[in-house]
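Have a look at the structure below, then the notes.
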Amino acid sequence: MLNTQLLLNWALGAALVYLQRATLSSLANWVHSALQAHVTPTTCVLAVYGAAILYILALLRVLFIRLARMKANGRKKIKGSQVRLYYDEKGNPKGRVIEDIELSLVPRAPPTRDPPVNSMVPSALGSPKGPTRTAPLNDAGTFELVSLHVWDGFPNGRFRSDFTAEHVKLTNELVCYWASDKLRGHKGTRKAKDSRKGLERRYVCAGVITCTSPTCAISIAPSDDISPQLQVLCECGAALHHLRCPIEWSTTIYQAGAIFSNSGIHLHGRYTHTLLPDRRKALKLRELVVKPPIQLQVGAGQSESSSGEEFQFELSNGERDSGDGHATEDMESDGDAHMNAALADSNDEMALDPDADKAV
-1 MLNTQLLLNW ALGAALVYLQ RATLSSLANW VHSALQAHVT PTTCVLAVYG
49 AAILYILALL RVLFIRLARM KANGRKKIKG SQVRLYYDEK GNPKGRVIED
99 IELSLVPRAP PTRDPPVNSM VPSALGSPKG PTRTAPLNDA GTFELVSLHV
149 WDGFPNGRFR SDFTAEHVKL TNELVCYWAS DKLRGHKGTR KAKDSRKGLE
199 RRYVCAGVIT CTSPTCAISI APSDDISPQL QVLCECGAAL HHLRCPIEWS
249 TTIYQAGAIF SNSGIHLHGR YTHTLLPDRR KALKLRELVV KPPIQLQVGA
299 GQSESSSGEE FQFELSNGER DSGDGHATED MESDGDAHMN AALADSNDEM
349 ALDPDADKAV
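Going by the working numbering, the first residue of the sequence shown is number -1, and it counts up by one from there.
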């Protein structure tokens, strides 16, 4: 394809050169004939010839620039050093990426501090052994139906789970703490008797902000505006870097309960820190600690916890969450929460706000 375009452009250039020579030859013959007949060439005729020559020269210049760029692009080859592997939080290779000037990926995600007991990755799902491709959420046939007995807000793995109405209320409508962006979901109602007519909320992961130092395991939840966060240096003094993550999840709420679907394993671990403005509007790095997950079933269908308070973030300096964590009916409308959960700065305290636009 590239060779054909080069040939066509060269042919066009040759035609323009021939046209220019013909124009110059015609002008020379006309001037010579006028001088022999002792007739002074008019300014109008000379201007027409001059404009034609300048236009042809401009076309030739544009054509030569285009040819030079096409040759340069044709000589570019992908070098081995430009191809990088990226891994999941367990160190398994996920795929290969060609580096460019707009996006730089760390060769490996930093280790996570999460204890294995709090992980919501179903043991039956396992982890991929090589490059994988995330299937769409609407492809229900590729999901494994899993019964979860705990909910910690960090669902991970490719699975689908059914929840009762009591579980939905207990977990604050299956709130997730992954930073995310909202996608368009099915417009239904939570009062529907059939899950296919229920209220669907869909989200895609916003990724993670990590340290560029290979020895630093910090993991920061990105906010709506990531650019200011990337200007802040890590605690170790190294620069910060944003890693994208394509994992999607959805929650369909209806009268009898809810259906939760997760498209795969995140390319990063859980967040260890937040980077949010303080009272002086300066971004401050805070360590993040998550309370124990909610037990959904204990004994004969009884729940261990009766409220969503235990399912909230807690800061390491002892600050408590000031939000009540209860969902509102406004979430059923089109203007519902852009994120499933958020940390807001109120009176120098970080509060859980399920109606925020970004979970950070």
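All residues carry an ideal CB built from backbone N, CA and C; glycine is no exception.
Report task. Evaluate the contact criterion for the stretch 266 to 284 versus the stretch 201 to 211: three or more CB pairs, one atom per stretch, below 8 Å. Result -> Taking 8 Å as the limit for Cβ pairs, the verdict is that the stretch 201 to 211 does touch the stretch 266 to 284.
Output the distance between the C-alpha atoms of SER259 and ASP223, rounded to the nearest integer angstrom. 27 Å
### Message
Short of 7 Å in beta carbon distance, which residues of its chain neighbour ALA56, apart from the five on each side in sequence? Order them along the chain.
### Response
none
Notebook entry, point to check: Nearest-angstrom Cα distance between VAL115 and THR270?
Noted result: Here VAL115 scores only 36 on pLDDT, less than 50, and its place in the model is too uncertain to base an answer on.
| request: Just grab the DSSP bridge partners of HIS239 for me. | output: Beta-bridge pairing links HIS239 to THR208.
- request: Could you please give me the residues that DSSP links to ASN154 through a beta bridge?
  value: The secondary-structure analysis by DSSP pairs ASN154 with nothing; it has no beta-bridge partner.
With DSSP as the reference, label THR41 as helix, strand or coil.
-> helix
* What is the DSSP secondary structure of TYR53, reduced to helix, strand or coil? -> helix
| task | State the beta-bridge partners of THR272 as determined by DSSP. | result | According to DSSP, THR272 shares a beta bridge with ARG284.
Exercise. If we count Cβ pairs, one from each stretch, closer than 8 Å, do we get three or more for the stretch 18 to 32 versus the stretch 47 to 54?
Worked result: yes
Look up ALA256 in the DSSP assignment and give the residues it is bridged to.
-> Bridge pairing for ALA256: PHE161, ILE251 [DSSP].
Considering just the uninterrupted stretch of the beta strand (DSSP E) at LEU197, what are its terminal residues? 197 to 203
| said: Does the contact criterion of 3 or more C-beta pairs under 8 Å hold for the stretch 237 to 251 versus the stretch 177 to 190? | reply: yes
Item to complete: Indicate whether the contact test is met: 3 or more Cβ pairs, each with one atom in the stretch 169 to 181 and one in the stretch 142 to 154, closer than 8 Å.
Response: yes
| Three-state secondary structure (DSSP) at LYS167? | DSSP places LYS167 in the helix class (H, G or I) of the three-state scheme.
- [ ] Assign TRP149 to one of three DSSP states: helix, strand, or coil.
- [x] Residue state for TRP149 is assigned as strand, using DSSP reduced to three classes.
| request: If I'm right that HIS239 touches THR210 with Cβ under 8 Å, what's the distance once you round it to whole angstroms? | output: 5 Å
Problem set entry | Neighbourhood of PRO226 by C-beta, 8 Å cutoff - its chain only, sequence neighbours within 5 removed | LEU281
Go through its chain and collect everything with a Cβ distance to HIS165's Cβ below 7 Å, but skip five positions before and after it. GLY255, LEU294
| task | State the DSSP-derived secondary structure class of ILE63, mapped to helix, strand or coil. | result | Helix.
Worksheet entry | Beta-carbon spacing of GLU142, PHE157 below 8 Å | yes
With which residues is ILE218 paired in a DSSP beta bridge?
-> ILE207, HIS271
*asked:* Looking at LEU6: is its Cβ nearer than 8 Å to the Cβ of LEU61?
replied: no
Report task. Tell me whether LEU231 sits in a helix, a strand or coil according to DSSP, three-state version. Result -> coil
Per-residue DSSP class, three states only, for GLY183:
GLY183: coil per DSSP, three-state reduction.
### Task
If I'm right that LYS382 touches GLN253 with Cβ under 8 Å, what's the distance once you round it to whole angstroms?
As displayed, the chain neither begins before -1 nor continues past 358, which places residue 382 out of reach and without an answer.
* For my contact list, GLU233 and ILE218 are in at a C-beta cut-off of 8 Å; report their separation, rounded to the angstrom. => Wrong, their Cβ atoms sit about 11 Å apart, outside the cutoff.
Going straight from the alpha carbon of LEU283 to that of SER261, what length do you get?
-> 30 Å
Would you report the Cα separation of LEU65 and TRP8, rounded to the nearest angstrom?
-> 8 Å
Excluding the five sequence neighbours on either side, which residues of its own chain have a C-beta within less than 7 Å of the C-beta of ARG381, listed in chain order?
The question about residue 381 has no answer, for the chain in this structure spans -1 to 358.
Q. Comparing alpha-carbon positions, which option in LYS195, ALA12, PRO244, LEU197 lies nearest ASN154?
A. PRO244
Per DSSP, which residues does GLU142 bridge with? Please list them. In the DSSP output, where bridge partners are listed per residue, GLU142 has none listed.
Which of the three DSSP states, helix, strand or coil, is assigned to ILE292?
strand
- Task: Report yes if the C-beta distance between CYS214 and ALA236 is below 8 Å; otherwise report no.
- Result: Here CYS214 is near ALA236, since their CB atoms are less than 8 Å apart.
May I ask you to list the residues that DSSP assigns as paired with GLY262? According to the DSSP secondary-structure assignment, GLY262 is paired through a beta bridge with GLY155.
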